[in-house]
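Under full-length UniProt numbering, the sequence shown is numbered contiguously, ending at residue 514.
This report concerns only the one structure given below.
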Amino acid sequence: MSDKQQFEMSRRSFLGTGSAALGAGSLFYPSNARGQARAGVPNIIFIHVDQMSLLDSIGAYGAEYVHTPGVDRIVRNGTSFMQSFSTDPVCCPARTAWWSGMYSSENGVIINNTPCHSDTPDLSPLLQQGGYNTYYVGKWHVPGKAVRQLFHVLHEGSWWGELTDQAVTRSARAFLRNYNDRQPFFLSVGYLNPHDICITPSSEYERAEKTNGKRVPRYVQEKILSDDEIPPLPEAHEYDRRELSIQVVTHRGRIDVPKFSDWSDDLWRIHRYNYHRLIEMVDHEIELLLNELDHSAWRENTLIVFSSDHGEGMARHWGIGKSTFYEEVVKVPFVVATLGDVLSVRKNVQDTKHLVSGIDFGRTICDYAGVDASALPHGRSLRPLVDGTDPSSWREYVYAECSAYAHMISDGRFKYIRGYEEEGDVTGLPPSRKTHPVGVEQLFDLQADPGEQHNMAYDRFAQELLAKLRNAMDREEERILPLRPVPHSVGLNFMKTNAELIRKRNVPKTWPVS
């Protein structure tokens, strides 16, 4: 058999798996819809990125050191929710919440790669039952759920980036050019970046030479960049040391890039510069995808939802990465848009009033698709807010979890964070005041202290407010479905490891009120 014949056989085998080719041409996209063809419902494209903060990341929202024409176009054509929170600011937990309508303490995904419970609901089958064909391309990262059993997957790849963002775009564009089924489609497009900020800084810092005892980035040494091209340090660069013990040992004690406690100001600034460049790289892919949609047959009747799983430290609070409840990490973009004029979507609107969460994603999609969302336990449809209808009531607090061992509520002004100690229930039950002792708490007034520089939880004058928010947190925890243990070994190892680190580092479990 010739090389050419072998190539053709491999190519036919690849296309036969149901994956999309990356080139042009007529492709077949099989149907998985189990309902009847329906008129009057939109096609839906969910564009999601990894580790993009709502803060300092999007030009349309005022970011000065990053150029984002692709995301800006989505913003201009839709309603942006400026009080949008990650359900759990860690990759797998946040993504599982999108598709299940469950919090981490319910679905079992309390840390990355912990498999979800087998009875965790899924959005995709609900859409299929409602007559939608559902397709997926790009990063998945929902442990315990096989994406190929839930969606038609357009191209092979893995969550860590063997499938590059460029390949994701090529597959999605080919889909838009060639889809011709009478059923509406739901297409999820998962981009990896700017997540590579977790990895790419390492090589730059390792190459940096010692200068007067400080590591200086090559960019600065060789004057490749002028000073005004590099973002300044954020005003909120410092932080109140009265942090959750689990945050101290997981976020500050186990960072995968070289130790950052002695970083110079230049290194912090270069970290921000690199982050913005990664945002621009993925924004370019989004722009190409939007251009394809704009010239396709689906322009007028396609809804676009754009979001991110969690944000990024960006040198605020001496932070890099995720796993905190600071605004730069827990606040994420959430935009509902359309390029056309058929769908009822308020355009170029920034909603600063309503508290929304990644937990709202599933019910919002179901509302637009006209399917029953009762299988998804939590969330509110954002459609009335996008339409311009102001509901008579909305949530008073938004609730989030972080690896299940820290919980947060916010009313938009006051943010209360409760940490739990690991010496609680060793069966692996997620924490509550019933199962785990409360550790360090945090309380911030975002109106008086938008940079979250002062933890008010130990101020005598704030104790009445603290008591009110503690009670509100209790109510939020009680409304979650009955707590179910995560797999015993996972929960136990997670608690034991962190408890050991807390003891070794002598991390305070509480602070005095003064």
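Every residue gets a Cβ at the ideal spot worked out from N, C-alpha and C, and that includes glycine.
### Message
Which residue marks the beginning of the alpha helix (DSSP H) containing residue 473, and which one marks its end?
### Response
Residue numbering aside, residue 473 sits at position 473 when the sequence shown is read from its first letter. 463-479 is the extent of the alpha helix (DSSP H) around residue 473.
### Query
Which of helix, strand or coil does DSSP assign to residue 507?
Taking the sequence shown and counting its residues from 1, one reaches residue 507 at position 507. Of the three classes helix, strand and coil, the one that applies to residue 507 here is coil, per DSSP.
### Message
Within 10 Å of its beta-carbon, does residue 185 have 16 or more other beta-carbons around it, so buried, or fewer, so exposed?
### Response
Here residue 185 corresponds to residue number 185 of the sequence shown, with the count starting at 1. That one is buried.
### Query
Taking buried to mean at least 16 other C-beta atoms within 10 Å of its own C-beta, is residue 394 buried or exposed?
Within the sequence shown, residue 394 is the residue found at index 394, counting from 1. Answer is exposed; the Cβ neighbour count stays below 16.
### Query
What are the start and end residues of each continuous alpha helix (DSSP H) run of 4 or more residues lying completely inside the stretch 317-403, in chain order?
327-330, 361-369, 383-387
### Task
Tell me where the alpha helix (DSSP H) around residue 267 begins and ends.
On the sequence shown, position 267 is the one that residue 267 refers to. First-last of the alpha helix (DSSP H) with residue 267: 265-294.
### Query
By the 10 Å Cβ neighbour count, where 16 or more other Cβ atoms means buried, how is residue 461 classified, buried or exposed?
As a position in the sequence shown, residue 461 is number 461, starting the count at 1. Exposed: under 16 other Cβ atoms inside 10 Å.
### Query
What are the residues that DSSP puts in a beta bridge with residue 49?
For the purposes of this step, residue 49 is taken as residue 49 along the sequence shown, with counting starting at 1. BP columns for residue 49 point to 308.
### Message
For a test of the three-state rule: what should DSSP assign to residue 130, helix, strand or coil?
### Response
Taking the sequence shown and counting its residues from 1, one reaches residue 130 at position 130. Residue 130: coil per DSSP, three-state reduction.
### Message
Within 8 angstroms, do at least three Cβ pairs link the stretch 170-190 to the stretch 287-300?
### Response
yes
### Given residue 341 as reference, the closest of 370, 302, 55, 362 once Cα atoms are compared
The sequence position of residue 341 within the sequence shown is 341, counting from 1. It is 302.
### Message
Using a Cβ distance threshold of 8 angstroms, determine whether the stretch 502-514 contacts the stretch 439-455, with at least three qualifying pairs required.
### Response
yes
### Query
Can you tell me whether residue 322 is buried or exposed, with buried defined as 16 or more other CB within 10 angstroms of its CB?
On the sequence shown, position 322 is the one that residue 322 refers to. Flag for residue 322 reads buried.
### Message
What would DSSP say about residue 418, mapped onto helix, strand or coil?
### Response
Here residue 418 corresponds to residue number 418 of the sequence shown, with the count starting at 1. In the structure shown, residue 418 sits in a strand (DSSP, three-state: E or B).
### Query
Looking only at DSSP bridge pairs, what is residue 138 linked to?
Counting from 1 along the sequence shown, the entry for residue 138 is found at position 138. 190.
### Query
For residue 344, which residues of its own chain have a beta-carbon under 6 angstroms away from its beta-carbon, when the five flanking residues on both sides are left out?
In the sequence shown, counting from the first residue as 1, residue 344 sits at position 344. Result list for residue 344: 387, in chain order.
### Task
For residue 84, count neighbouring C-beta atoms within 10 Å of its own C-beta (all shown protein chains included) and say buried if the count is 16 or more, exposed if not.
Here the question's residue 84 lines up with position 84 in the sequence shown. Residue 84 comes out buried.
### Task
Specify whether the stretch 115-124 and the stretch 410-417 touch according to this definition: at least 3 beta carbon pairs, one from each stretch, less than 8 angstroms apart.
no
### Task
Return the chain-ordered list of same chain residues with a C-beta closer than 6 angstroms to the C-beta of residue 188, the five sequence neighbours on each side being excluded.
Looking up residue 188 in the sequence shown gives position 188. Same-chain partners within the cutoff: 46, 136.
### Query
Using the C-alpha atoms, what's the distance from residue 472 back to residue 49?
Residue numbering aside, residue 49 sits at position 49 when the sequence shown is read from its first letter. Residue numbering aside, residue 472 sits at position 472 when the sequence shown is read from its first letter. Their backbone Cα atoms lie some 32 angstroms apart in a straight line.
#### Entry: Three CB pairs or more closer than 8 angstroms across the stretch 91-101 and the stretch 61-76
Result no; under three Cβ-Cβ pairs closer than 8 angstroms.
### Residue nearest to residue 443 in terms of C-alpha spacing, selected from 435, 111, 470
As a first step, residue 443 must be located in the sequence shown, where it is residue number 443. When only C-alpha atoms are compared, the closest one is 470.
### Message
Which same chain residues end up closer than 7 angstroms to residue 56 when comparing Cβ atoms and leaving out the 5 residues on each side of it in sequence?
### Response
By one-based count along the sequence shown, residue 56 stands at place 56. Around residue 56: 63, 314.
### Task
Could you spell out where the alpha helix (DSSP H) holding residue 70 opens and where it closes?
Counting from 1 along the sequence shown, the entry for residue 70 is found at position 70. Note, residue 70: alpha helix (DSSP H), 69-76.
#### Entry: Pair within 9 angstroms by beta-carbon distance, residue 129 and residue 34
By 1-based counting over the sequence shown, the position of residue 129 is 129. By 1-based counting over the sequence shown, the position of residue 34 is 34. Cβ atoms of residue 129 and residue 34: closer than 9 angstroms.
### Query
Which two residues bound the contiguous alpha helix (DSSP H) that contains residue 444?
Locating residue 444 in the sequence shown gives position 444, counting from the first residue. From DSSP, residue 444 is part of no alpha helix (DSSP H) but of the beta strand (DSSP E) over 438-445.
### Query
Taking the Cβ atom as the reference point for each residue, do residue 246 and residue 44 lie within a distance shorter than 9 angstroms?
Numbered from its first residue, the sequence shown carries residue 246 at position 246. Numbered from its first residue, the sequence shown carries residue 44 at position 44. Result no, Cβ atoms of residue 246 and residue 44 do not sit closer than 9 angstroms.
### Same chain, Cβ closer than 6 angstroms to residue 316, five either side skipped, listed in chain order
On the sequence shown, residue 316 is found 316 positions in, with the first residue counted as 1. Excluding positions up to five away in sequence, the list reads 234, 236, 328.
### Query
Where residue 280 and residue 194 are concerned, what is the direct C-alpha to C-alpha distance, given to the nearest angstrom?
Reading the sequence shown from its first residue, position 280 is the one you call residue 280. Reading the sequence shown from its first residue, position 194 is the one you call residue 194. Distance between the alpha carbons of residue 280 and residue 194: 9 angstroms.
### Query
Under a three-way DSSP split, which group does residue 4 fall into?
Along the sequence shown, read from residue 1 onward, the residue named residue 4 stands at position 4. Its pLDDT being 39, under 50, residue 4 is placed unreliably by the model, and nothing is read from it.
### Query
Between residue 376 and residue 351, is the Cβ-Cβ spacing less than 9 angstroms?
Here residue 376 is taken as the residue at index 376 of the sequence shown, counted from 1. Here residue 351 is taken as the residue at index 351 of the sequence shown, counted from 1. No, the Cβ-Cβ distance between residue 376 and residue 351 is not below 9 angstroms.
#### Entry: Beta-carbon separation (whole angstroms), residue 197 vs residue 51, contact threshold 8 angstroms
Taking the sequence shown and counting its residues from 1, the one referred to as residue 197 is at position 197. Taking the sequence shown and counting its residues from 1, the one referred to as residue 51 is at position 51. Contact holds; Cβ gap of about 7 angstroms.
### Task
Would you mind working out which of 398, 402, 364, 132 sits nearest residue 324, comparing C-alpha positions?
Working through the sequence shown from its first residue, we reach residue 324 at position 324. Nearest of 398, 402, 364, 132 to residue 324, Cα basis: 402.
#### Entry: CB-CB length for residue 369 against residue 362, believed under 8 angstroms
Counting from 1 along the sequence shown, the entry for residue 369 is found at position 369. Counting from 1 along the sequence shown, the entry for residue 362 is found at position 362. Contact flag wrong, Cβ pair sits at about 10 angstroms.
#### Entry: Nearest residue (CA-CA) to residue 305, options 289, 146, 275, 337
As a position in the sequence shown, residue 305 is number 305, starting the count at 1. Among 289, 146, 275, 337, the Cα nearest to that of residue 305 belongs to 337.
#### Entry: Continuous alpha helix (DSSP H) stretch holding residue 172: start and end
If you number the sequence shown from 1, residue 172 lands on position 172. For residue 172, the uninterrupted alpha helix (DSSP H) run begins and ends at 165-178, by DSSP.
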